[in-house]
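Enquirer: In this note's numbering, the protein residues as written are 150 to 771.
1. Nearest CA to the CA of residue 325: which residue from 353, 311 and 368?
2. State the DSSP-derived secondary structure class of residue 698, mapped to helix, strand or coil.
3. Just list the alpha helix (DSSP H) runs in the segment 395 to 444, keeping only unbroken ones of 4 residues or longer that don't cross its boundaries, in chain order.
4. What residue ranges within the segment 315 to 390 form continuous alpha helix (DSSP H) runs of no fewer than 4 residues, ordered along the chain?
5. Check whether the Cβ atoms of residue 409 and residue 544 lie closer than 8 Å to each other.
6. Run through DSSP, which three-state label would residue 515 get?
7. Evaluate contact between the segment 503 to 512 and the segment 540 to 560, counting only Cβ atoms and requiring at least three cross-stretch pairs below 8 Å.
8. Name the DSSP beta bridge partners of residue 659, please?
9. Check whether the segment 603 to 617 touches the segment 237 to 253, counting contact only when three or more Cβ pairs, one atom from each stretch, lie closer than 8 Å.
10. Touch check for the segment 180 to 197 and the segment 219 to 228: three-plus C-beta pairs under 8 Å?
11. Given that a residue counts as buried once 16 or more other Cβ atoms are within 10 Å of its Cβ, and exposed if not, what is residue 385?
12. Determine the burial state of residue 498: buried for a count of at least 16 other Cβ atoms within 10 Å of its Cβ, exposed for fewer.
13. Which parts of the segment 660 to 740 are runs of the beta strand (DSSP E), unbroken and 3 residues or longer, counting only runs that do not cross its ends?
14. Where DSSP assigns a beta bridge to residue 169, which residues make up the other side?
15. Skipping 5 residues on each side, what residues in its chain have a beta carbon closer than 6 Å to that of residue 803?
16. Go ahead and label residue 588 buried or exposed: buried means 16 or more other beta carbons lie within 10 angstroms of its beta carbon, across all protein chains shown.
17. Is it buried or exposed for residue 188, if we count other Cβ within 10 angstroms and need 16 for buried?
18. Compare the beta carbon distance of residue 527 and residue 493 with 8 Å and say whether it is the shorter of the two.
19. Looking at C-beta atoms only, is the number of pairs between the segment 290 to 300 and the segment 256 to 275 that lie closer than 8 Å three or more?
20. Which whole runs of the beta strand (DSSP E) in the segment 181 to 258 are 3 residues long or more, in chain order?
21. What's the C-alpha gap between residue 477 and residue 339?
22. Mind the definition here: the segment 658 to 674 touches the segment 704 to 714 only if three or more C-beta pairs lie below 8 Å; say whether that holds.
23. In angstroms, rounded to a whole number, what distance separates the CA positions of residue 746 and residue 700?
24. Am I right that residue 566 and residue 546 are in contact with their C-beta atoms under 8 Å? What's the rounded C-beta distance?
25. Is residue 745 helix, strand or coil by DSSP?
26. Rounded to a whole number of angstroms, what is the C-alpha to C-alpha distance between residue 485 and residue 683?
27. By alpha-carbon positions, which one of 619, 574, 609 and 328 ends up nearest to residue 595?
28. What's the C-alpha gap between residue 389 and residue 579?
29. Check residue 179 in the structure and name its three-state DSSP category.
30. Would you be able to state if there are at least three C-beta pairs under 8 Å between the segment 675 to 692 and the segment 749 to 762?
31. With DSSP run on the structure shown, which of helix, strand or coil describes residue 784?
32. Taking all protein chains shown into account, decide if residue 577 is buried (16 or more other Cβ within 10 angstroms of its Cβ) or exposed.
33. Which of the three DSSP states is assigned to residue 563 in this structure?
34. Locate the beta strand (DSSP E) running through residue 298, then write down its first and last residues.
35. Going along the chain, which unbroken runs of the alpha helix (DSSP H) with 4 or more residues stay wholly within the segment 531 to 596?
36. Helix, strand or coil, according to DSSP, for residue 467 in the structure here?
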């Protein structure tokens, strides 16, 4: 039975209007922080706020409960103005246990609201969090507005009379109690979450009833407790008119791939091996088979890449996705796709560190791998998305480039973008430009098919197997120019290497010129790529408002660079390149344009804060 829609609950306490707020919910991995964080995000989006999120998962699959390594968090910034990041500092923190408090308290502003489950601060819990004293009693949290909630007891009391509910299931509802309290604190409506509970637990009446009751109990606790004298409200943002939905990066990327397939009249094939944080692309595409999508969960990364090559040879829109370690395994087969000159999309959702590294933490350290991580001279175009909603557009652009220039395309994203979310204005599908794909028709003149005869873009024809008269040879051995036959001629090898490089370089003629936000010349240019976009644009705007001479350019196209990038760089006294790596874009740009750049580098598994970049700007411009 559907949950009846109720009028929004209204508080009798004073309401303070804010421009925006940043909230983080943190607890054990298994406490449901991602679920309630997602619900808070969706509810705020439905309220009309601009929203940006940052989910934070434990790097270990099964970290022990109550430990520092097992903390899971979800951060939401919601505002009545345009925002581009999930926020630097927290206005409110919900800590479900001591470990969550220890790992997150440093991000809470002085005087910020700290809500804790006081019953989770027992000696055993403190020991697991490597604490010798109780931070609620030893002065650790003296600078914050501490709200101690007997969360376990209150939640059990709220659901105690529900039949068929074990004590374990009772306790699992406490995340919804905490969510209800946050909903009261920030004037959020319960109905969207009640509908979610009905859809998710409708076949489990006891669990459904318990989560609903816990949610309401949390709200009423906020209303009745004397710990809160007032609540807060963030008014809807003035967004461009249209239909919006909250969307995560990997979901937007998946939908963009489906749209690209439809716009080009192709079936979409995705061959992939599950790997964090790219797995959700395969999962999302597997749920879209009604759009003609075919998915293969391969046995390993090499099989995934080779199946993608096979699908491209057969004439499908071929896609594979992975993260850095998987891309390393795909390397040889990616070189095969390159020398066959077949269109396909290779997605890399970057994560922290080499080897297994930090699977759930964000980084952008695979740029040099994307550029050069194959044997031989193997140029492949590289583009990068900048935000969750931008993933849709970048997927279309990747396929456009792949089919126009008959080449694999590497699409770079990262964990911050993939798992983050923001409001997305649904596009007018009818207004999306078609992606024209042509295949040579049957040949009956008896002349051999010239598989590597190129057009004005240096692209070879995409012949479909089984087409009469179009027999040709494929494989990794060097091709003879025009014919595609195997060739060991040194001059031909030089020529084909030059042509493949020229074909990728020529893409620069087919992509937009680089734009700049701010003065067209001046003291400082901030040059960014990938997931640093939101932080950089916010920091630059803040510094521009202070009267500083600073501009911002964000690169989508990384190989080749936009044609005007070199001249653009010359217009500024200094160029600052913030990257979540040790300076990979800076290395590439310096080598290409022989220009000294300033690096701002961080490899902590965390995104930049706005204040970090703003401080660097002020240091250089002052």
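Note that the Cβ used here is the ideal one computed from N, Cα and C, for glycine as well.
Expert: In short, the structure shows the following:
1. Position 176 of the chain shown, counting from 1, holds the residue named residue 325. Sorting 353, 311 and 368 by C-alpha distance to the C-alpha of residue 325 places 368 at the top.
2. Here the question's residue 698 lines up with position 549 in the chain shown. Looking at residue 698 - three-state DSSP - the assignment turns out to be coil, as it is neither helix nor strand.
3. Complete alpha helix (DSSP H) runs here, min 4: 398 to 413 and 428 to 435.
4. List check, alpha helix (DSSP H) in window: 316 to 321, 323 to 334, 340 to 350 and 354 to 373.
5. Here residue 409 corresponds to residue number 260 of the chain shown, with the count starting at 1. Here residue 544 corresponds to residue number 395 of the chain shown, with the count starting at 1. Between residue 409 and residue 544, the C-beta gap is smaller than 8 Å, which places the two residues in contact.
6. The residue you call residue 515 lines up with position 366 of the chain shown. In the structure shown, the three-state DSSP call for residue 515 is coil.
7. The answer is no - the segment 540 to 560 does not touch the segment 503 to 512, with fewer than three Cβ pairs under 8 Å.
8. Locating residue 659 in the chain shown gives position 510, where the first residue counts as 1. As computed with DSSP, residue 659 is found in no beta bridge at all.
9. Touching, no, given that fewer than three Cβ pairs across the two stretches are closer than 8 Å.
10. Enough Cβ pairs lie closer than 8 Å, so yes.
11. Working through the chain shown from its first residue, we reach residue 385 at position 236. Taking all protein chains in view, the Cβ of residue 385 is surrounded by fewer than 16 other Cβ atoms within 10 Å, so the residue is classified as exposed.
12. Here residue 498 refers to the residue found at position 349 of the chain shown. Its Cβ being crowded by 16 or more others within 10 Å, residue 498 is buried.
13. Qualifying beta strand (DSSP E) stretches, in chain order: 671 to 678, 699 to 704, 706 to 708 and 721 to 728.
14. Position 20 of the chain shown, counted from the first residue, corresponds to residue 169. In the DSSP secondary-structure assignment, residue 169 is bridged to 228.
15. Limits of the chain in this structure are 150 at one end and 771 at the other, which puts residue 803 out of reach.
16. Against the chain shown, residue 588 aligns to sequence position 439. Counting C-beta atoms within 10 angstroms of its own C-beta, residue 588 has fewer than 16 neighbours from the protein chains shown and is therefore classed as exposed.
17. For the purposes of this step, residue 188 is taken as the residue at position 39 of the chain shown. With a 10 Å radius around the Cβ and a threshold of 16 neighbouring Cβ atoms, residue 188 comes out buried.
18. As a working mapping, residue 527 is identified with position 378 in the chain shown. As a working mapping, residue 493 is identified with position 344 in the chain shown. No; because the gap between Cβ atoms is not below 8 Å, this pair is not in contact.
19. Between the segment 290 to 300 and the segment 256 to 275, the count of Cβ pairs shorter than 8 Å is three or higher; the stretches touch.
20. Complete beta strand (DSSP E) runs here, min 3: 199 to 205, 220 to 228 and 239 to 244.
21. As a working mapping, residue 477 is identified with position 328 in the chain shown. As a working mapping, residue 339 is identified with position 190 in the chain shown. If you take the alpha carbons of residue 477 and residue 339, they lie about 46 Å apart.
22. Short answer: they touch.
23. Against the chain shown, residue 746 aligns to sequence position 597. Against the chain shown, residue 700 aligns to sequence position 551. The alpha-carbon separation between residue 746 and residue 700 amounts to approximately 15 Å.
24. Counting from one through the chain shown, the residue named residue 566 turns up at place 417. Counting from one through the chain shown, the residue named residue 546 turns up at place 397. Between the beta-carbon of residue 566 and that of residue 546 there is about 15 Å, and that puts the pair past the 8 Å contact cut.
25. Your numbering for residue 745 matches position 596 in the chain shown. In this structure, residue 745 counts as coil in the three-state DSSP scheme.
26. As a working mapping, residue 485 is identified with position 336 in the chain shown. As a working mapping, residue 683 is identified with position 534 in the chain shown. Distance from the CA atom of residue 485 to the CA atom of residue 683, rounded to whole angstroms, is 36 Å.
27. Your numbering for residue 595 matches position 446 in the chain shown. Among 619, 574, 609 and 328, the Cα nearest to that of residue 595 belongs to 619.
28. Reading the chain shown from its first residue, position 240 is the one you call residue 389. Reading the chain shown from its first residue, position 430 is the one you call residue 579. Cα to Cα, residue 389 sits roughly 19 Å from residue 579.
29. Taking the first residue of the chain shown as position 1, residue 179 is located at position 30. Residue state for residue 179 is assigned as coil, using DSSP reduced to three classes.
30. Verdict: yes, contact present.
31. Not covered by the structure: residue 784. The range shown for the chain is 150 to 771.
32. Counting from one through the chain shown, the residue named residue 577 turns up at place 428. It is exposed - the Cβ of residue 577 has fewer than 16 other Cβ atoms within 10 Å.
33. As a working note, residue 563 is residue 414 in the chain shown. Correct three-state label for residue 563: strand.
34. Against the chain shown, residue 298 aligns to sequence position 149. Per DSSP, residue 298 belongs to the beta strand (DSSP E) from 294 to 298.
35. Fully enclosed alpha helix (DSSP H) runs of no fewer than 4 residues occupy 539 to 554 and 564 to 568 of the segment 531 to 596, in order along the chain.
36. Here residue 467 refers to the residue found at position 318 when the chain shown is read from its first residue. Residue state, collapsed to three classes: strand.
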